[in-house]
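The next block holds one structure in the form of structure tokens; read it before the comments.
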Amino acid sequence: MPSKKGYQIIVENNEKTSVTENYCSNISWFVFITCTILSLFLVISIPTMFFPNNRCLTLDINVLSNVTVNNIIQSSAEHVNCTGKYIYVLDLPSKFNTDLLENCSSINPWKDICALLGNSGLGEKIRVTSKDDIKVFSGSNWYDTDQFSSEVIFHSRMKQYKCLTNDYSEASAVFVPFYSGLDVGRYLWTTNATLRDGTAKELVEFLTQRPEWKRFGGRDHFLIAGRITWDFSRTSENLSTPDGWGNHLLDLPEMKNVTSLLLEASPTSKSEIGIPYPTYFHPETLTEVDSWQNQIRRKNRPYLFSFAGAPRPNIKESIRNLLIDQCLAAAKHGVCNFLHMNPDVKPVTIMSVFQQSDFCLQPPGDSYTRKSTFDSILAGCIPVFFHPGSAYVHYIWHLPKNYSSYSVFIPMNDLMSGNVSIEKTLSRIPKYRVKAMREEVIKLIPRIVYANPNSNVVDDSFEDAFEVAVQGVLNRVERLKSEINGSNYESVIPNELAWKYKFFGDLDNHDWDKYFGY
């Protein structure tokens with residue numbers, strides 16, 4: 042409200058103000074007040090009308106401090122219900138995240154992966170130029186995303202989260218933006234265990250001294266470990282044994298309270314949860330996802346099944362050679378499409394194979410899980426699994442428990458005994474059933490892709506893999522907090538049965554016991 046003193050009309054040399062002067066004065070005040078109110082209305086209303094999520098600021102939030110980012114997004118939180126959803130982002134020393142990006146050329150000993158980690162973790166944009174590219178991709182948000190870039194992507198997406206807070210005391214969960222996978226990737230092939238464990242130990246020392254940790258002993262903390270569990274679970278200092286791989290971040294006692302999100306979780310850990318591997322698609326809105334879903338619904342799929350992979354001759358229990366043999370045999374009469382994978386295969390080639398197939402074989406590789414699983418789902422191709430650890434018991438927040446609705450399960454032991462023909466098994470599935478399963482796969486797409494963290498367009502109705510994971514963390518942290526009062530059943534579950542409890546919710550005997558050593 043303007044001060045009366047600052048805008049008073051002073052009439053000199055008159056003992057009395059004339060009627061005309063009073064009239065003009067009143068008009069001036071009316072015009073001023075009207076213009077002021079109108080200006081305030083426009084300032085407040087225009088961003089709301091055109092940018093309903095209060096994100097009209099064209100900022101590169103990656104260069105902002107956590108405090109500034111939180112202040113901006115906190116204003117958006119006033120317009121949504123953030124009760125029970127507030128997240129506090131720890132401000133870590135740069136050696137735990139940004140320094141790793143700045144020294145990205147040292148992460149992989151065989152190649153420079155800086156380009157793959159750039160662009161907020163999305164990597165370089167895929168140029169859709171040729172006719173073949175246009176047939177495979179639609180829209181512009183396709184990137185050559187590395188499978189191990191989820192830490193950077195997740196951190197970038199967190200800066201867009203609508204319920205950030207600067208006050209950890211009101212937060213439901215605390216995010217620890219440690220790029221653990223990038224850190225351990227530098228030393229996985231070294232024989233110096235002290236070097237591999239160094240940063241992980243420093244992180245735990247830092248966390249346990251913080252007031253945020255002391256509230257709940259770390260039970261409300263979570264982080265992303267953007268590799269598979271075996272890269273962080275070394276339990277022996279003897280590097281001559283199989284247990285000598287990786288660092289021991291997740292084996293540290295303090296980390297047992299922290300929720301760790303990995304590309305592949307340990308079946309024997311209650312605190313580890315699987316999240317999807319990053320795909321090549323990073324849409325901005327749900328409308329863009331809808332457009333992609335409609336495109337792949339219309340795809341002509343001439344092949345019954347396909348396999349994109351390579352042999353694993355050094356893994357005794359690998360079934361890949363069997364799959365390749367069966368696929369090549371079926372290829373002779375146009376039923377299977379085999380793509381021999383190598384580092385030079387382009388994303389357009391991979392996605393093209395999956396888009397032409399009804400079913401995509403997803404056997405274990407170097408570990409239980411594969412990035413290919415999520416690429417095939419993105420292409421509308423029904424995944425075929427041979428081990429429950431390839432998806433079902435890992436991605437409990439992102440994939441339905443009713444696994445037969447969207448996938449086919451062929452026990453690997455049956456395949457190895459020579460009792461199963463993949464072609465015959467899949468060809469027996471009625472066409473109406475194939476169509477229904479494909480529709481379930483297509484419905485999963487929004488939940489398994491990571492939205493573009495560089496976009497100024499924020500679609501609150503778009504629950505991507507990040508949003509699903511965050512909600513899962515919030516739910517889990519709430520249960521962990523109840524453990525303090527002795528009311529959480531999870532605390533008494535044996536670690537070796539963690540997979541069973543997380544998937545089935547009980548400890549009863551099950552056919553899958555044999556896959557996990559029981």
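The sequence shown maps to residues 42 to 559 in the numbering used here.
The C-beta atom is built at its ideal place from N, Cα and C for all residues, glycine as well.
Computed from a predicted structure; not experimentally measured.
How many angstroms separate the CA atom of residue i from the CA atom of residue j?
i    : j    : result
T309 : M478 : 30 Å
L81  : V498 : Confidence in L81 is poor, its pLDDT being 46 and thus under 50, which makes the residue's placement unreliable; the coordinate value appears in the next sentence. If you take the alpha carbons of L81 and V498, they lie about 25 Å apart.
F545 : V215 : 28 Å
A420 : L515 : 30 Å
Y202 : T186 : 21 Å
D554 : L538 : 9 Å
I50  : G125 : For I50, the pLDDT reaches just 31, beneath the cut-off of 50, and the residue's location in the model is therefore unreliable, although a value from the coordinates is still provided. Distance between the alpha carbons of I50 and G125 is about 54 Å.
W286 : K152 : 21 Å
L303 : Y436 : 10 Å
S106 : K242 : In this predicted model, S106 has a pLDDT of only 40, less than 50, meaning its place in the structure is not dependable; the value taken from the coordinates is given anyway. Going from the Cα of S106 to the Cα of K242 covers about 25 Å.
P218 : M199 : 9 Å
F91  : D501 : Because the pLDDT of F91 is 39, which lies under 50, any placement of that residue in the model is unreliable, and the question is left without a value.
Y209 : H262 : 11 Å
N288 : I148 : 15 Å
V193 : E524 : 31 Å
S221 : L142 : 12 Å
W271 : S307 : 8 Å
A234 : E246 : 18 Å
L157 : D385 : 14 Å
Pop quiz: residue i and residue j are said to be a contact at Cβ under 8 Å. What is the actual Cβ separation, rounded to whole angstroms?
i    : j    : result
I161 : P487 : According to the sequence shown, residue 161 is Ser rather than Ile. Contact flag wrong, Cβ pair sits at about 20 Å.
P404 : L364 : 6 Å
Y491 : H374 : Not quite, the Cβ-Cβ distance comes to about 39 Å (not below 8 Å), so this is no contact.
I128 : A212 : 6 Å
For residue i, tell me which candidate among the options has the shortest Cα-Cα distance.
i    : options                : result
T410 : Q188, L291, R517, D500 : Q188
M457 : H262, S179, L133, R361 : R361
F503 : L244, T326, S146, M199 : T326
W254 : V225, S532, V299       : V299
S274 : S179, G259, L293, D549 : L293
L380 : N355, H374, F346       : F346
N182 : E464, S197, K166, E192 : K166
V225 : T240, S532, Y491       : T240
M392 : A371, A349, F426       : A349
I423 : V434, F400, E329       : F400
V461 : E508, R260, C368       : C368
A351 : K340, N383, F178, N335 : N383
S417 : H428, W438, V394, S431 : V394
R474 : I489, N454, V449       : V449
Does DSSP put residue i in a helix, in a strand, or in coil?
i    : result
P34  : As displayed, the chain neither begins before 42 nor continues past 559, which places residue 34 out of reach and without an answer.
G513 : helix
T414 : helix
W151 : coil
C377 : strand
C204 : coil
A214 : strand
W254 : helix
N550 : coil
F450 : strand
S190 : coil
V425 : strand
W540 : helix
I87  : In this predicted model, I87 has a pLDDT of only 42, less than 50, meaning its place in the structure is not dependable; the value taken from the coordinates is given anyway. If DSSP states are grouped into helix, strand and coil, I87 belongs with the helices.
S161 : coil
F557 : helix
F507 : helix
F545 : helix
F346 : strand
F273 : coil
K522 : helix
So the alpha helix (DSSP H) residue i belongs to, where does it begin and stop?
i    : result
Y129 : Looking at the DSSP string, Y129 is not in any alpha helix (DSSP H); the run it does join, the beta strand (DSSP E), is 128-130.
I337 : 327-338
R237 : 234-249
L485 : 472-489
K297 : Segment: none, K297 is in no alpha helix (DSSP H) and carries neither H nor E.
L229 : First-last for L229: undefined, no H or E at that position.
V533 : Counting along the chain, V533 falls outside any alpha helix (DSSP H), and DSSP gives it neither H nor E.
D362 : Going by the sequence as given, residue 362 is Asn instead of Asp. Segment 361-372, the alpha helix (DSSP H) holding N362.
D185 : It is not in any alpha helix (DSSP H) - D185 carries neither H nor E in the DSSP assignment.
K465 : 463-468
D501 : Looking at the DSSP string, D501 is not in any alpha helix (DSSP H), and its letter there is neither H nor E.
T139 : 139-143
D173 : 172-177
Ends of the beta strand (DSSP E) at residue i?
i    : result
G315 : 313-315
H439 : No beta strand (DSSP E) holds H439; DSSP gives it neither H nor E.
C401 : 398-403
T300 : 300-305
R268 : 262-269
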